[in-house]
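**Q** Residue numbers (the numbering used here), protein chains in the order written: chain Y, 26 to 196; chain F, 6 to 322.
We treat Cβ as the ideally placed atom computed from N, Cα and C, and that holds for glycine.
In structure tokens:
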């Protein structure tokens, strides 16, 4: 009986303690920089698309919400012809970001993407592509990869040595 | 003729005020519960969320009013009205102020006990006519609980009757001019409070509708406004028990002169309504056999002892 009275008193004391509720639309919660929210496609420092359309994100995606089609431009750079994320299926697991070899696909701290129409949750490439570099600055895949593209021959990448002619004996 | 018109106005006034308070309690309870659980509760609809009541009412009126095909239809439809009628009838004998009452009958206290017993029929008939095992279990529990707690609810009031020498509620209030009944009859007050909680089957004694065991107990099958009737009936019951506690033990409309009597009555009433909600915020639900044991083996001897002592004192003085 006394313990009951005590618990009533303890509950009553809560009238004077601050409330835990975060009044959301007026009061935004703090989201850490690595928070997994809306997915974006970033660009390299020179403004080119980072995505090389390797399909790894689409393979890693557990709910198959990413679809894309690879193609090449006149410089033999691979890029996605279309890149489509269906956010009504996305579970924001971040596997696509983990799988991406070029830091192209990234999850950012933004979750306010409600829509009245389900179809509006399907984001196309122009919705996903941002102007900046996202979380990883200064990285340019084609500058460090040993791949030959228009305007950059083999051996011209950063920290890369000239290719050795295997058929020659001259050092 | 003028007397009748005044009476009708008083009746309508009490009816409207009580129904408004009962509906408003839905909002008050949610806000107060939230306060004691460190939340905000409904605060979006209108200023401070006050229009939440309106939104809830519109919602519940729009709901499909479905009668199950397996239900005993006439009984099923009558059951929710019984709780409303029996509770509203009791408000007729409560003196809200020296001149604001519907009827100050000389057996007002007995009338209240009779009406609260009738309220038990609502639970029993609702559970029986729903033709659903959970509803029936809830109804069985409800009837057993209400009969149990009726016994010493009546007995706890007998102390007051002995002290004040009247069964009329107006008379009881006037007899408290010197000292409120809560001081000489503290045990009776505690027992009546507990019995009142059980009578309105509010938490922690909401065993007839224990949602963790019985879905929603006796009103599992009810929807729409029929469910709303049970809901409002429950809040009317809280208002009624609070009003009765104030009348019996806290001097009714008696108070200091700077506020009119009915304001004192309403203020005291709301303190107890708040206490009812605090009980819900703090106490867990006992097991069914614990509830019965508590009633028969602890409260009944206690109230009989109280009766004995009070009787001895009244005889001696």
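1. What residue range does the beta strand (DSSP E) around residue 95 of chain Y cover?
2. Within a Cβ cutoff of 6 Å, which residues of the same chain sit near residue 209 of chain F, ignoring the five residues on either side of it in sequence?
3. So, residue 251 of chain F versus residue 270 of chain F, is the Cβ gap smaller than 8 Å?
4. Could you name the residues of the region 124-139 of chain Y whose beta carbon sits closer than 9 Å to any beta carbon of chain F, in the order they occur along the chain?
5. Where do the N-terminal and C-terminal ends of the beta strand (DSSP E) with residue 116 of chain Y fall, by residue?
6. Who are the neighbours of residue 200 of chain F on chain Y, taking C-beta pairs under 9 Å?
7. From residue 322 of chain F to residue 316 of chain F, what does the alpha carbon distance come to, in whole angstroms?
8. For residue 140 of chain Y, does the three-state DSSP call read helix, strand or coil?
9. Let me check one thing: in DSSP terms, what residues is residue 66 of chain Y bridge-paired to?
10. Are three or more beta carbon pairs between the region 181-191 of chain Y and the region 6-21 of chain F nearer than 8 Å?
11. Could you name each continuous alpha helix (DSSP H) segment of 4 residues or more that falls completely within the region 147-213 of chain F, going from the start of the chain to the end?
12. Could you tell me which chain F residues have their CB closer than 7 Å to the CB of residue 67 of chain Y, listed as they occur along the chain?
13. Counting only the same chain and skipping the five closest in sequence on each side, list residues whose C-beta sits under 6 Å from that of residue 233 of chain F.
14. So, is the C-beta of residue 145 of chain Y closer than 8 Å to a C-beta in chain F?
15. Any beta carbon from chain F within less than 8 Å of residue 32 of chain Y's own beta carbon?
16. Taking the beta carbon of residue 41 of chain Y as the centre, do at least 16 other beta carbons fall within 10 Å, making it buried, or is it exposed?
17. Closest to residue 117 of chain Y by CA distance: which of Y:179, Y:60, Y:35 is it?
18. So, using beta-carbon positions, are residue 307 of chain F and residue 196 of chain F closer together than 8 Å?
19. Are the C-beta of residue 295 of chain F and some C-beta of chain Y separated by less than 8 Å?
20. In chain F, which residues lie with their C-beta within 8 Å of the C-beta of residue 42 of chain Y?
21. Would you mind telling me which residues of chain F sit closer than 9 Å to residue 108 of chain Y, beta carbon to beta carbon, in chain order?
22. Starting from the C-beta of residue 91 of chain F, find all residues in its chain whose C-beta is less than 6 Å away, skip the five residues before and the five after it, and write them out in chain order.
23. Quick one: give me the first and last residue of the beta strand (DSSP E) that residue 189 of chain Y is part of.
24. In whole angstroms, what separates the C-alpha of residue 101 of chain F from that of residue 160 of chain F?
25. Would the beta-carbon of residue 164 of chain F fall within 8 Å of that of residue 312 of chain F?
26. Using a cut-off of 7 Å between C-beta atoms, extract the partners of residue 29 of chain Y located in chain F.
27. Are there three or more Cβ pairs, one per stretch, closer than 8 Å when the region 181-188 of chain F is compared with the region 107-116 of chain F?
28. Could you please give the first and the last residue of the uninterrupted beta strand (DSSP E) stretch that includes residue 110 of chain Y?
29. Just mark residue 137 of chain F as buried or exposed, buried being the case when its beta carbon has 16 or more other beta carbons within 10 Å.
30. Among the candidates F:162, F:171, F:173, F:129, whose CA atom is the shortest distance from the CA of residue 152 of chain F?
31. Run through the DSSP bridge pairs and tell me what residue 74 of chain Y is partnered with.
32. Give me whichever residues DSSP pairs with residue 148 of chain Y in a beta bridge.
33. For residue 218 of chain F and residue 204 of chain F, what's the separation of their Cα atoms in angstroms?
34. Quick one: is residue 273 of chain F buried, meaning 16 or more other Cβ sit within 10 Å of its Cβ, or exposed?
35. Return the CA-CA distance between residue 178 of chain F and residue 15 of chain F, expressed in angstroms with no decimal places.
36. Would residue 28 of chain Y be called buried (16 or more neighbouring beta carbons within 10 Å of its own) or exposed?
**A** Short version:
1. Taking the first residue of the first chain as position 1, residue 95 of chain Y is located at position 70. Run containing residue 95 of chain Y: 91-97, per the beta strand (DSSP E) assignment.
2. As a first step, residue 209 of chain F is located in the second chain; it is residue number 204 there, counting from the start. Within the same chain, residue 209 of chain F has close Cβ partners 288, 290.
3. Taking the first residue of the second chain as 1, we reach residue 251 of chain F at position 246. Taking the first residue of the second chain as 1, we reach residue 270 of chain F at position 265. Contact flag set, yes.
4. none
5. Here residue 116 of chain Y corresponds to residue number 91 of the first chain, with the count starting at 1. Per DSSP, residue 116 of chain Y belongs to no beta strand (DSSP E) and is neither H nor E.
6. One-based indexing of the second chain puts residue 200 of chain F at position 195. By Cβ distance, chain Y contributes nothing, its closest Cβ being about 15 Å from residue 200 of chain F, past 9 Å.
7. Residue mapping note: residue 322 of chain F aligns to position 317 of the second chain, counting from 1. Residue mapping note: residue 316 of chain F aligns to position 311 of the second chain, counting from 1. Between residue 322 of chain F and residue 316 of chain F, the C-alpha separation is close to 10 Å.
8. In the first chain, counting from the first residue as 1, residue 140 of chain Y sits at position 115. It is coil, neither helix nor strand.
9. Locating residue 66 of chain Y in the first chain gives position 41, where the first residue counts as 1. Looking at the DSSP assignment, residue 66 of chain Y forms a beta bridge with Y:130, Y:154.
10. no
11. 174-180, 191-204
12. Here the question's residue 67 of chain Y lines up with position 42 in the first chain. Under the 7 Å cutoff, chain F gives no residues; its nearest Cβ is about 38 Å from residue 67 of chain Y.
13. Locating residue 233 of chain F in the second chain gives position 228, where the first residue counts as 1. Leaving aside the five residues that flank residue 233 of chain F on each side, the residues in its chain whose CB is nearer than 6 Å to its CB run, in chain order, 65.
14. Locating residue 145 of chain Y in the first chain gives position 120, counting from the first residue. No, residue 145 of chain Y lies away from the interface with chain F (no Cβ there is under 8 Å from its Cβ).
15. By 1-based counting over the first chain, the position of residue 32 of chain Y is 7. Yes, because at least one Cβ of chain F sits closer than 8 Å to the Cβ of residue 32 of chain Y.
16. Counted from its first residue, the first chain places residue 41 of chain Y at position 16. Residue 41 of chain Y comes out exposed.
17. Working through the first chain from its first residue, we reach residue 117 of chain Y at position 92. When each option's Cα is compared against that of residue 117 of chain Y, the closest is Y:60.
18. For the purposes of this step, residue 307 of chain F is identified with residue 302 of the second chain, where counting begins at 1. For the purposes of this step, residue 196 of chain F is identified with residue 191 of the second chain, where counting begins at 1. Taking 8 Å as the Cβ cut-off, residue 307 of chain F and residue 196 of chain F qualify as a contacting pair.
19. Here residue 295 of chain F is taken as the residue at index 290 of the second chain, counted from 1. Residue 295 of chain F does not count as touching chain Y.
20. Numbered from its first residue, the first chain carries residue 42 of chain Y at position 17. Under the 8 Å cutoff, chain F gives 43.
21. Here residue 108 of chain Y is taken as the residue at index 83 of the first chain, counted from 1. The premise fails here: residue 108 of chain Y is roughly 38 Å from chain F at the closest Cβ pair, so nothing lies under 9 Å.
22. Walking along the second chain from the start, residue 91 of chain F turns up at place 86. Closer than 6 Å at the Cβ level, and outside the excluded window around residue 91 of chain F, lie 120, 123, 124.
23. Against the first chain, residue 189 of chain Y aligns to sequence position 164. Careful: residue 189 of chain Y lies outside any beta strand (DSSP E) and carries neither H nor E.
24. By one-based count along the second chain, residue 101 of chain F stands at place 96. By one-based count along the second chain, residue 160 of chain F stands at place 155. For residue 101 of chain F and residue 160 of chain F, the distance between alpha carbons rounds to 24 Å.
25. Translated into the one-based positions of the second chain, residue 164 of chain F becomes position 159. Translated into the one-based positions of the second chain, residue 312 of chain F becomes position 307. In this structure, the beta-carbon distance from residue 164 of chain F to residue 312 of chain F falls below 8 Å.
26. Along the first chain, one-based indexing puts residue 29 of chain Y at 4. The answer, in chain order, is 288.
27. no
28. Your numbering for residue 110 of chain Y matches position 85 in the first chain. Where residue 110 of chain Y is concerned, the enclosing beta strand (DSSP E) stretches over 103-111.
29. Translated into the one-based positions of the second chain, residue 137 of chain F becomes position 132. With 16 or more Cβ atoms within 10 Å of its Cβ, residue 137 of chain F is classed as buried.
30. Along the second chain, one-based indexing puts residue 152 of chain F at 147. It is F:129 whose Cα lies nearest to the Cα of residue 152 of chain F.
31. One-based indexing of the first chain puts residue 74 of chain Y at position 49. Residue 74 of chain Y is bridged to Y:68.
32. Within the first chain, numbered from 1, the residue matching residue 148 of chain Y stands at position 123. According to DSSP, which records beta bridges pairwise, residue 148 of chain Y is partnered with Y:110.
33. By 1-based counting over the second chain, the position of residue 218 of chain F is 213. By 1-based counting over the second chain, the position of residue 204 of chain F is 199. Approximately 20 Å, taken between the alpha carbons.
34. Stepping through the second chain from its first residue, residue 273 of chain F is reached at position 268. Counting Cβ neighbours within 10 Å, residue 273 of chain F comes out buried, since at least 16 surround it.
35. Looking up residue 178 of chain F in the second chain gives position 173. Looking up residue 15 of chain F in the second chain gives position 10. Answer to the nearest angstrom: the Cα atoms are 19 Å apart.
36. As a first step, residue 28 of chain Y must be located in the first chain, where it is residue number 3. Answer is exposed; the Cβ neighbour count stays below 16.
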